[in-house]
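Mapping of the sequence shown onto mature numbering (1 follows the signal peptide of the UniProt record, and there is no 0): residues -24 to -1, 1 to 512, in sequence order.
The beta carbon of each residue, even a glycine, is placed where N, CA and C say it ideally should be.
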Amino acid sequence: MEQPIFLQFLLGVLACFSILCANAEDAYRYYTWSVTYGTRAPLGDYQRVILINNQFPGPPIEAVTNENIIVNVINQLDEPFLITWHGVKQRKTSWQDGVLGTNCPIPPNSNWTYKFQLKDQVGTYMYYPSTSMHRAIGGFGALNINQRSVISIPYPAFAGDFTLLVGDWYKAGDKALVEKLNSGLSLPLPDGLLINGLHRSSSFTGEKGKTYKFRITNVGISTSINFRIQGHKLILVEVEGSHSLQEAYESLDIHPGQSVAVLVTLSGAIKDYYIVASTRFTQPILTTTGILRYQGSNTPASLPLPIAPTYHVHWSMKQARTIRLNLTANAARPNPQGSFHYGSIKIVRTLVLANAKENINGKLRYTVNGISYVDPTTPLKLADWFNIPGVFTLNNIKDFPTSRPPAMGVSVFGLSLHDFIEIIFQNTEPTIQSWHLDGTSFYVVGYGSGKWTTDSKRRYNLADGIARHTVQVYPNSWTAVLVSLDNKGMWNLRSQIWSDRFLGKQTYLRAWSNDKSLNTETDVPPNVLRCGQALH
């Protein structure tokens, strides 16, 4: 029997209303993490490490674009502790960033709950401790953001997804490393490399003829790595949340703090194959291996290992220039990545950042444009929000390198929300650097040898430079990035060589707007920790 027109209309309205209600808020994922010391033997000798829920590395977060993440962190260490969400953009709030410029650390034997949304992001990320040298002994883990079902991926479907956390490791504990750095000594070469917390025991199994996605992150604190799989090509598909051109590589250089995703098709004979990671630009070269096992294999992997690239920087820089943005593919949103024409936007400010290794008051320090950063007892974000004077001064750091005597200080660049700026990382040292910016991604537009000049802009890639949040700077070279400061807050720009960051190689960008509405920034969280002058 036919329903009356009015009833049909009413039922339709109610159906639409129910759909809107169901989609009014994205899903929540809740975690409770207990952070403790424990004992593991990553390189054969038992040593103290940081565990999360008794796991080393920490538990992975597997989420979907736009989901809300709630993490209650219980600090059972003997020191204050923070976790930062590396590459997560923290839209409209830097309150959850988890660095000492935005958060008071979680005191021992207490807890704090992070609350943030994975807004409009997709890709391969990680988390790790941002306090002291805690990152050197664990507390890190994977944070993978998968695409919503309504958004397509610009590459063939894959049969499985493997996460590989690869990085250097020291047998000395974090406190021994801090003591060494504070005594004026640089850290030595690491003792080895790990894959998922293991030196030579990680294995991954797949079926012949099928394709798998490998998410690879360099979680190390000091060295670049080269990654390769014996007898298999690596098809690059994603770099830190951006879909890349799908180039095939024999091996990939991945620098501290960087993440990539590659597709690997199991097209060889049914046997085991070596997965290899080795350090770059070190003498001697450190190597670790894992195993790619074909299902049904009874044949162990055999030598020789696939050959590593040469030591020369030129090879790595040339490869870096081939990593480009897929302009026609979508990322977390349906619109093409190339719809933001970054190359045609006017640059409003240029920052040229040069660092130097200095001796300040008898202490080994690193400076950025003459200032070696020191965390104040009051986080910059709290001082900014509550108008607490004397904590920092805007633009006390110069936009270009200066001849001023090196000094300790709290350096903050004052910028406006939506400013489009150019940042040049100038490396005058014989070692490689890696830089990360919280809160947003930048477009990598140029690598070059020697000293950057305005003439270097002629070589910029203004069409399809990859968008990422961590970039390498080669020895005695420069790297140029362009960034739209579309995320209001106080954002940390830091070295991913963790000893250098510990010794002052970092600064902050304040992206400011007088608009006090929730459209630009959320209110201070009700559970905010207070410390320093913010206690009063």
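Rounded distance between the beta-carbons of Ile373 and Phe389, thought under 8 Å: 6 Å
Same chain, Cβ closer than 7 Å to Ser70, five either side skipped, listed in chain order: Thr78, Lys357, Gly415, Gly465, Met466, Trp467
Using only CA atoms, which one of Leu27, Ser200, Gln66 lies nearest to Ala53? First, the residue type needs correcting, since residue 53 is Leu and not Ala in the sequence shown. Checking every option, the nearest Cα to that of Leu53 belongs to Leu27.
For Gln93, which three-state DSSP category applies? strand
Ordered list of beta strand (DSSP E) runs contained in the region 188 to 218, each at least 3 residues: 201 to 205, 210 to 215
Per DSSP, Tyr6 is paired with what? Ile46
Helix, strand or coil for Asp431? Go by DSSP, reduced to three states. helix
Measure from the alpha carbon of Lys186 to the alpha carbon of each residue in Thr378, Ala133, Leu469, Leu505, then state which is nearest. Ala133
Quick one: any contact between the region 138 to 157 and the region 103 to 120, if contact means 3 or more CB pairs under 8 Å? yes
By DSSP, does Met109 sit in helix, in strand, or in coil? coil
Tell whether a beta-carbon distance below 9 Å holds between Ala39 and Leu119. yes
Closer than 6 Å by C-beta to Ala(-10): which residues in its own chain qualify, once you throw out the five before and the five after it? Chain order, please. Unreliable positioning characterises Ala(-10) in this predicted model, as indicated by a pLDDT of 40, which lies under 50. The coordinate reading is nonetheless provided below. For Ala(-10), where only same-chain residues beyond five positions count, there are no Cβ hits under 6 Å.
Comparing alpha-carbon positions, which option in Asn337, Ala277, Ile473 lies nearest Gly266? Ala277
Report buried or exposed for Tyr318, applying the criterion of at least 16 other Cβ atoms within 10 angstroms of its Cβ. buried
So His512 is in the beta strand (DSSP E); what residue range does that whole segment cover? Unbroken run through His512: none, as it is neither H nor E.
If you draw a straight line from the alpha carbon of Ser178 to that of His412, how long is it in whole angstroms? 28 Å
Residue range of the alpha helix (DSSP H) that Thr263 falls in? Run containing Thr263: none in the alpha helix (DSSP H); it sits in the beta strand (DSSP E), 263 to 270.
Quick one: Cα of Trp454 to Cα of Trp488, how far? 28 Å
Buried or exposed (CB count within 10 angstroms, at least 16 for buried), Glu1: exposed
Alpha carbon to alpha carbon, how far is Arg506 from Trp88? Give it in angstroms, no decimals. 12 Å
Take Ile211 as the anchor and find which of Tyr419, Leu239, Tyr101 has the nearest alpha-carbon. Leu239
Going by beta-carbon coordinates alone, are Val457 and Asn437 separated by less than 9 Å? no
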